[in-house]
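*Asks:* Line by line, the protein sequences are chains A and B.
In my numbering, each number is its position in the first sequence, counted from 1, plus 21.
In my numbering, each number is its position in the second sequence, counted from 1, plus 209.
Positions of the beta carbon are idealized from the N, C-alpha and C atoms, including for glycine.
Sharing a structure below in structure tokens format, with a few things to ask.
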Amino acid sequence: MMSKREHKFVSADPELCTGCTLCEYACALEKDGMFNPLRSRIRAVRLYPSGNIAIACRLCETAPCVIACPRDALDQSEENGTIIVDDDKCDGCGWCLEACDFGAITIHPVTKKAIVCDLCDGEPKCIEICPVEALSLASRDTHATKARIEASRKLLKAQEESEL
Amino acid sequence: MDGYAGKILYVDLTTGESRTEPLPEKMAEDFLGGAGFGIKMITDLQRPGTDAFDPENPIVFSLGTFCGVMVPGASSKWGVSGKSPQSNALGEAYSTGFFGAEMRRAGYDIVVVTGKAKGPTYLYIEDESVQLMDASHLWGKDNWETEAMIKEELGDPGVRLASIGQAGENLVRFACIINDRLRAAGRTGMGAIMGSKNLKAIAVRGTADITVADVEKFKELSFEMYKRAKGPATEKYRGLGTAGNVLVLNKAAAMPTRNWQDAVFEGAEKISGEFMNEHYVTKIQGCDACGSRCEHVASVNEGPYKGSYARVEYEPIYSLGSCTGVDRADAIIRSVQLCDLYGLDALSAGVVVAFGMELFEKGLITKKDTGGIDLRFGNHEAQTEMLRKIAFREDIGDILAEGVARAAEKIGKGSEAFALHIKGVEMTGYDVRGLKTCALGYAVSRRGADHQRHGAYGPDLKGTVDRFSVDKGRGQLVIDGEDVYSVIDSLILCKFNRGIWNFDEMAQMYTHVTGLPMTGEKILLAGERISNLARVYNVREGLGRADDNLPIRCMTDPIKSGVAKGSLVTRDELDILLDGYYESRGWTNEGVPTKAKMDELGLSEYYQSIEGLAKKPKPRKAKGKGGAK
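What follows is the structure, encoded as structure tokens:
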């Protein structure tokens, strides 16, 4: 049985991310065949001078957007954890947007329905185009593993240095 | 037309009125965007012979063709043009960041600003809404504060800005325009024009869709170009960046040092790209939809310049490093940051400071003039303090703020012999004394001293030609470079990505995006057309062969050391180069486009404005005249 914890979402490594927003372009092109960051399911952020990251839906375990929706228009897929929007129910009120801590769900500028990363059937265009491979599909466990390795590296290096 | 927003916005700061006009399809095809649009608009709209600070003059912001579209290195390229307060001729400058894409989404291809506001003002464009906002509280603020304050008061962190700092307000003739904190439309004093109009900034927010004509074909070509954009053709810019040129040019004895008294800098290692990357560069990031990345953000973590950060590139390392004899990377980073904050063109600013240093060392000015500063080569503290004095026009800074050409005229005493400029615009960092194809490129450059109009250092440094000799054939080499660059600066493709394109692909991309027919041949012809119209503008402003010149030092004072030791460009050599260039251009020997050439390029309507000017070349008397003080 698959647990939600193993669901993978589009994750950006801020060390690699150049803040170029190319992921936004690729997403809007893939989904709508035109360009507008407002049509993108992933958004890049730059904090001056050089803090860069891109944010897409993190497939939260108890997704606040789903809970917040007063019309029950949002549901979370058991299969891959993505947020599924029922366009018939969604009236674009934006509660989901306010509930999301990451700004990862938004309202489409034309349809006025909630839009959110759907992982492009498992092959996200943003990951394909990212020129620095800053984007990848990762689960929270992948992140934890990476963090453990990084922490260990620092820890062991510190130990090595103190032994010298 | 897809791609293009299809609209030109006109704003009159005197009346406060604005209106739009459709972008004519023929203009799009013939002039592409960016440089082509800018040059055409100022030629059409500006009365010849006006002072650069004449309120009626237009300043034109023109977007690259692919702003807002997923094309590598081209998604947010924008240009600005107007009559340069440095050259009294064509002023143009280009920048990237994120401002251009936002402007396209707001619905405009070109923004033409004329008139002068009664008091400090900024322009706030939010889609169809165009407002003049009070900027009294922003006057006197630097670029970064201005950006933060406007975003805050508009309550929208997504607003993008192009602004001026104190240098632009104070009409420093080489004031630049800054956007997205680290990007500059640097050259030819466009920031001073904004200042003369009381225009502190343009803030823009756009929400419109940008469509492309043929989505499937576009996707295919776009993804292919992105693949190339991260490949070997851009490796240099992703690695050391342009700062990698420091050691290369220094070895070639082509890195101007101490105001061009030499071309080899003994401190090159300490200001090299290698050294910067190892000790100071903390991040290499990208502009809007860049497939490569080159923006080397360098931060200083200790010492007197602790907390400083800036984008490092070869050119400011030359101007604020070797040219002023400063061999400290941290001081250079701080100096570049000051230029961004005050809104000084970092390139000109360094050459101006270097000129001041030579004046001081030769005893033509003293501490009385400098306000007590020991303005010697290599004194980094003097440099940072002098940058401030220039921006605020204090002490000798008031004269230096006029640029080296005018400053030399004011100071006299033979100082013009070490004023490094062409057409009033300070020299960029290629020592043309030992790069003679490049020397021609600099001499004829339409915006004054510049390597970016032609890239003619290429054949010299690659050894395609003998860089120490001249022949008439160099003319065609420079022309080829100029016309390619006219295309590149009009589509506005990032020059660091130029290696990934050929003309046919540029044309294909143009057609897939806009739906307008285009071929490689036609696009190159557009380049030639744009180069020629720029010349028409300059001729109309009174420039001719006599202005296609080199700095006195480059023709009298040979390089002192290294592999180029003893090299300079003689008057005779320059004449051979110019003869060859004009001939290959199809211009008269006085450098005026002929009727036949104008007809060939579809510029017949402009011939009348320059007819007869060939016969009576005017001596240059622009320097020192006009507006500022």
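1. Identify, in the order they occur along the chain, each residue of the same chain with its Cβ nearer than 8 angstroms to the Cβ of residue 479 of chain B, setting aside the five sequence neighbours on each side.
2. Going by other Cβ atoms of all chains shown within 10 Å of its Cβ, with 16 needed for buried, is residue 510 of chain B buried or exposed?
3. For a contact meaning CB atoms closer than 7 angstroms, what does residue 132 of chain A contact in chain B?
4. So residue 247 of chain B is in the alpha helix (DSSP H); what residue range does that whole segment cover?
5. Residue 318 of chain B and residue 738 of chain B: beta carbons closer than 9 angstroms?
6. Count the other C-beta atoms from every protein chain shown that fall within 10 angstroms of the C-beta of residue 267 of chain B, then say buried if there are 16 or more, exposed otherwise.
7. Counting only beta-carbon atoms, is residue 516 of chain B nearer than 9 angstroms to chain A?
8. Which residues of the segment 404-429 of chain B have a Cβ closer than 8 angstroms to any Cβ of chain A? Give them in chain order.
9. Three-state secondary structure (DSSP) at residue 295 of chain B?
10. Interface residues of chain B around residue 47 of chain A at Cβ under 8 angstroms?
11. If the cut is a Cβ gap below 7 angstroms, which residues of chain B does residue 71 of chain A touch?
12. For residue 564 of chain B, which of helix, strand or coil comes out of DSSP?
13. For the 8 angstroms Cβ check, are there 3 or more pairs between the segment 296-304 of chain B and the segment 154-174 of chain A?
14. Taking the continuous alpha helix (DSSP H) assigned at residue 231 of chain B, which residues delimit it?
15. With which residues is residue 287 of chain B paired in a DSSP beta bridge?
16. Are the segment 795-808 of chain B and the segment 744-754 of chain B in contact at 8 angstroms, needing three or more beta carbon pairs?
17. Exposed or buried, which one is residue 131 of chain A when buried takes at least 16 other CB atoms within 10 Å?
18. So what does DSSP say about residue 460 of chain B, is it helix, strand or coil?
19. Enumerate in chain order the residues of its own chain whose CB-to-CB distance from residue 231 of chain B is below 7 angstroms, with the five nearest sequence positions on each side excluded.
20. Could you check which residue in A/113, A/94, A/112 has the C-alpha nearest to that of residue 105 of chain A?
21. Measure the alpha-carbon distance for residue 457 of chain B versus residue 124 of chain A and round it to whole angstroms.
22. List, in chain order, every chain B residue whose beta-carbon is nearer than 7 angstroms to that of residue 56 of chain A.
23. Given a threshold of 16 other Cβ atoms within 10 Å of its Cβ, counted over all protein chains shown, does residue 233 of chain B qualify as buried or as exposed?
24. Using a Cβ distance threshold of 8 angstroms, determine whether the segment 587-605 of chain B contacts the segment 728-746 of chain B, with at least three qualifying pairs required.
25. Take residue 85 of chain A and list the residues in its own chain whose beta-carbon comes closer than 6 angstroms to its own, dropping the five residues that flank it on each side.
26. Less than 9 angstroms between the C-beta atoms of residue 43 of chain A and residue 279 of chain B, yes or no?
27. Tell whether a beta-carbon distance below 9 angstroms holds between residue 518 of chain B and residue 493 of chain B.
28. Can you grab the Cα-Cα spacing for the pair residue 639 of chain B / residue 464 of chain B, in whole Å?
29. Could you tell me whether any Cβ in chain A is nearer than 9 angstroms to the Cβ of residue 307 of chain B?
30. Using a Cβ-Cβ cutoff of less than 6 angstroms, which residues in the same chain neighbour residue 769 of chain B once the five nearest sequence positions on both sides are dropped?
31. What residue ranges within the segment 595-672 of chain B form continuous alpha helix (DSSP H) runs of no fewer than 4 residues, ordered along the chain?
32. To be precise: take each residue of the segment 310-326 of chain B, compare its Cβ to all Cβ atoms of chain A, and keep it if any distance is under 8 angstroms. Which residues remain?
33. Per DSSP, what kind of secondary structure is residue 844 of chain B in: helix, strand or coil?
34. Would you say residue 446 of chain B faces chain A, with C-beta separation under 9 angstroms as the test?
35. Using C-beta distances below 8 angstroms, list every residue in its chain close to residue 434 of chain B, excluding the 5 sequence neighbours before and after it, in chain order.
36. What does the alpha-carbon distance come out to for the pair residue 58 of chain A and residue 304 of chain B?
*Replies:* With the structure as the only source:
1. Shown here for residue 479 of chain B: same chain residues with a beta carbon closer than 8 angstroms to its own, the five before and five after excluded, namely 536, 537, 538 in chain order.
2. exposed
3. The premise fails here: residue 132 of chain A is roughly 13 angstroms from chain B at the closest Cβ pair, so nothing lies under 7 angstroms.
4. Annotation: the continuous alpha helix (DSSP H) that includes residue 247 of chain B extends over 243-254.
5. With contacts defined by Cβ atoms closer than 9 angstroms, residue 318 of chain B and residue 738 of chain B do not form a contacting pair.
6. Using a 10 angstroms sphere on the CB of residue 267 of chain B, the tally of other CB atoms reaches 16 or more, which defines it as buried.
7. Cβ-Cβ to chain A under 9 angstroms: no for residue 516 of chain B.
8. Answer in chain order: 416, 417, 418, 419, 420, 421, 424, 428.
9. coil
10. Residues of chain B passing the Cβ test: 279.
11. 491, 492, 494, 506
12. The answer is helix: DSSP assigns residue 564 of chain B an H, G or I state.
13. no
14. No alpha helix (DSSP H) holds residue 231 of chain B; the beta strand (DSSP E) holding it covers 226-231.
15. Partner(s): B/272, B/304.
16. yes
17. By the 10 Å Cβ count, residue 131 of chain A comes out exposed.
18. Three-state result, residue 460 of chain B: helix.
19. 215, 216
20. A/94
21. 46 angstroms
22. 277, 278, 279, 418, 419
23. exposed
24. no
25. 120
26. yes
27. No, Cβ-Cβ distance for residue 518 of chain B and residue 493 of chain B is not below 9 angstroms.
28. 6 angstroms
29. yes
30. 471
31. As far as the segment 595-672 of chain B is concerned, its whole alpha helix (DSSP H) runs of at least 4 residues are 606-609, 613-620, 645-653, 666-671.
32. Within the segment 310-326 of chain B, the qualifying residues are 314.
33. No information on residue 844 of chain B is available, as it lies outside the stretch 210 to 838 that chain B covers here.
34. no
35. 280, 281, 500, 709, 710, 714, 718
36. 21 angstroms
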